[in-house]
Structure formats: structure tokens, C-alpha cells
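Visitor: I am attaching a structure below and will ask some questions about it afterwards.
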Amino acid sequence: MKIAVYTISGILASVAGIIITSRLFSAQPTAGDGYELDAIAAVVLGGTSLTGGKGKITGTIIGALIIGVLSNALNILDVSSYYQMMVKGAVILVAVLLDRKSK
Numbered sequence: 016m017k018i019a020v021y022t023i024s025g026i027l028a029s030v031a032g033i034i035i036t037s038r039l040f041s042a043q044p045t046a047g048d049g050y051e052l053d054a055i056a057a058v059v060l061g062g063t064s065l066t067g068g069k070g071k072i073t074g075t076i077i078g079a080l081i082i083g084v085l086s087n088a089l090n091i092l093d094v095s096s097y098y099q100m101m102v103k104g105a106v107i108l109v110a111v112l113l114d115r116k117s118k
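If you use the working numbering, the sequence shown closes out at 118, no skipped numbers anywhere.
Below, the structure is given as C-alpha cells:
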């Protein structure tokens, strides 16, 4: 099972690399900086606890859609990337605090 998970993870990481390279028309080693924050935010917004537990893929997809809409709105409003990271961090913080309060 562990080998299958690592294999699927590697394949999906390579697909993500191909997609980001095709969007930028160049291969930059720092092109994916900040995407790990988006992934964590999507999972936390989807209802998965950071302290362990189970989550559902539907919640993660909804969380990814929320983060995508938030990122798009901040880009449209011409907010600098520094402040975008701060907003996403605040969203994660609020989601974690709400998760802790519900327990």
C-alpha cells in the first residue's frame, strides 16, 4: 500500500510539474512556491483535522474550490502576493481554531 501511495504521489507530482511548465512556458525551480500552503488550506477547510483523524475527498474538493476562488479574487483585486499568503494563512488559522472549538 505504501509503495502504491508513493507511486501515485510521484505520478501526480510529475503531472503537476508538466501543467505548471506549460502555463509558464519555462521550467523554473521555484514555480511551485506557495502551493503547499494552498494544499494545506484546502484540506483544513475541507474538514480534516490537523491533529489527526479522517477526512473526506468531497470536503477537500470543496476546500480547494474555496481557496481557488479566494486566490482568484485576490488576483483580480490586484493584491500583492505577500498579502495573499497572509490572507491564506489567516484562513487556515480560523479553520483550525473552529476545528478545535468544535471538539
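Think of the CB as a built atom: it goes at the ideal place given N, C-alpha and C, for glycine as much as any other residue.
Can you tell me the Cα-Cα spacing of Ala28 and Thr22, whole angstroms?
Guide: Residue mapping note: residue 28 aligns to position 13 of the sequence shown, counting from 1. Residue mapping note: residue 22 aligns to position 7 of the sequence shown, counting from 1. The straight-line gap from Cα to Cα measures roughly 10 Å.
Visitor: For Ile81, which residues from the same chain have a beta carbon less than 7 Å from its beta carbon, with the 5 sequence-adjacent residues on both sides left out?
Guide: Here residue 81 corresponds to residue number 66 of the sequence shown, with the count starting at 1. Closer than 7 Å at Cβ, skipping near neighbours: Leu60.
Visitor: Under three-state DSSP, which class holds Gln99?
Guide: One-based indexing of the sequence shown puts residue 99 at position 84. Of the three classes helix, strand and coil, the one that applies to Gln99 here is helix, per DSSP.
Visitor: Can you tell me where the alpha helix (DSSP H) with Ser86 in it begins and where it stops?
Guide: Translated into the one-based positions of the sequence shown, residue 86 becomes position 71. 72-91 is the span of the alpha helix (DSSP H), which, as asked, contains Ser86.
Visitor: How would you write the range of the alpha helix (DSSP H) that Ala42 sits in, first residue to last?
Guide: Walking along the sequence shown from the start, residue 42 turns up at place 27. First-last for Ala42: undefined, no H or E at that position.
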